[in-house]
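K.L.:
Numbering (my numbering), first residue to last: 300 to 637. Sharing a structure, written as structure tokens. Questions coming.
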Ligand code: WQD
């Protein structure tokens, strides 16, 4: 299939491009580079040996999107594009609602106009809000999100459910990611946060590299085995493979399915620090600080539905995640900024 990846220069999308091409698909990329760099696309071309059609455009720009669909016979779309920093969304809610909702609506309208009705959407476990119980299953009631970023993901899920319900010729898969970490084993593509990292693993790698003095552990009084937050960390390559399987599934089904992409195993912040130090032979100094507003005690997936519907399960280990994240950091101390 010929698959359009919106936000295609991003962390998860670049890894998905590599896996899609490896599985025999063709890809087209559109990205406005607000949170990514063209160098990432060049690296994907280097890794795959393919020239990848790519457009610098905003998914909110209908004319630009019409041009892409007119110039390429698109069979399916994976919608990655969106602003995704939780803290930033609390400070800039209108920017997040406008950007993330407008881009999703413009994409769907463009797809419908061009008769393209297979869509995989990059959703997030954050839509579960503060869970009453773990592991999290797709049929659990989502009580409410803790930040505007999460609400945009939740609202886009509802929009896409409505689209599929109104027109059964649509095939929509909503992938709820847990915590993506790691990098391609080549060390040529990886997580490239703008400025100070928001997420745990890129913070750990920059502390280990001496770029930051220490890790601030956001609270050690949670209801977990060691008091620090527990999350379901999933290797980005496993996550990418899940998108390949979701595209195959979308090609053969109609309607809308919600699917968790997680390992089903939770690790605490200190588990991650200790594993990273052990695997890489480095030190990660840390300081226990106050809780971060909006954080939950524990969040990890029940991955059974992905196995049942997609035949997918995570295969990479915590050691793989730590080793590959460190290799990316060491080979690219300034990310894609050469
Ligand atoms: C993980 C754990 C923190 C940084 C978010 C989004 C989710 C997805 C992944 C986009 C928590 C602790 C972190 C630090 C710390 N993003 N931590 N010190 O909050 O689980 O999920 O990112 O799709 O949608 O909600 O990920 O990596 O920020 O935090 O102690 O400097 O690490 O408290 O327990 P989170 P995270």
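Yeah, the Cβ is synthetic: ideal placement off N, Cα and C, and Gly gets one too. In this text the structure is predicted, and so the values were computed from the model without any measurement.
#1: Kindly indicate which residue of 558, 606, 497, 363 has the alpha-carbon position closest to the one of residue 386.
#2: Please tell me whether residue 319 and residue 378 are closer than 9 Å, where the distance is taken between their beta carbons.
#3: Can you tell me the Cβ-Cβ gap for residue 329 and residue 356, rounded? I've got them flagged as a contact below 8 Å.
#4: Keeping to the same chain, check which residues put their C-beta closer than 8 Å to that of residue 484; ignore five residues upstream and five downstream.
#5: Beta-carbon separation of residue 593 and residue 568 under 9 Å?
#6: How is the alpha helix (DSSP H) around residue 477 delimited, first residue to last?
#7: Tell me whether residue 492, by its Cβ, gets closer than 8 Å to a heavy atom of the ligand WQD.
#8: Counting only runs that start and end within the stretch 367 to 448, where is the alpha helix (DSSP H) found for 4 or more residues in a row?
#9: Identify which residue in 553, 508, 532 has its Cα closest to the Cα of residue 584.
#10: State yes or no: is the C-beta of residue 474 within less than 9 Å of the C-beta of residue 440?
#11: Just the Cα atoms here: how many angstroms apart are residue 464 and residue 554?
#12: Please specify which runs of the beta strand (DSSP E), each continuous and at least 3 residues long, are wholly inside the stretch 506 to 564, giving them in chain order.
#13: Provide the residue span of the alpha helix (DSSP H) that contains residue 315, from first to last.
#14: So who's on the other strand from residue 600, going by DSSP bridges?
#15: The ligand WQD and residue 383: does any heavy atom of the ligand fall closer than 8 Å to the residue's C-beta?
#16: Please find out if some non-hydrogen atom of the ligand WQD comes closer than 8 Å to the beta-carbon of residue 453.
#17: Could you please give me the residues that DSSP links to residue 355 through a beta bridge?
P.N.:
Let me lay it out:
#1: 497
#2: no
#3: 5 Å
#4: Here the set comprises 536, 623, 626.
#5: no
#6: For residue 477, there is no enclosing alpha helix (DSSP H), as DSSP marks it with neither H nor E.
#7: Distance from the C-beta of residue 492 to the nearest heavy atom of the ligand WQD is not below 8 Å.
#8: 385 to 390, 392 to 412
#9: 508
#10: no
#11: 7 Å
#12: You should have 514 to 517, 532 to 534, 554 to 560.
#13: 310 to 321
#14: Paired residues: 435.
#15: yes
#16: Result no, Cβ not under 8 Å from the ligand WQD.
#17: In the DSSP output, where bridge partners are listed per residue, residue 355 has 330.
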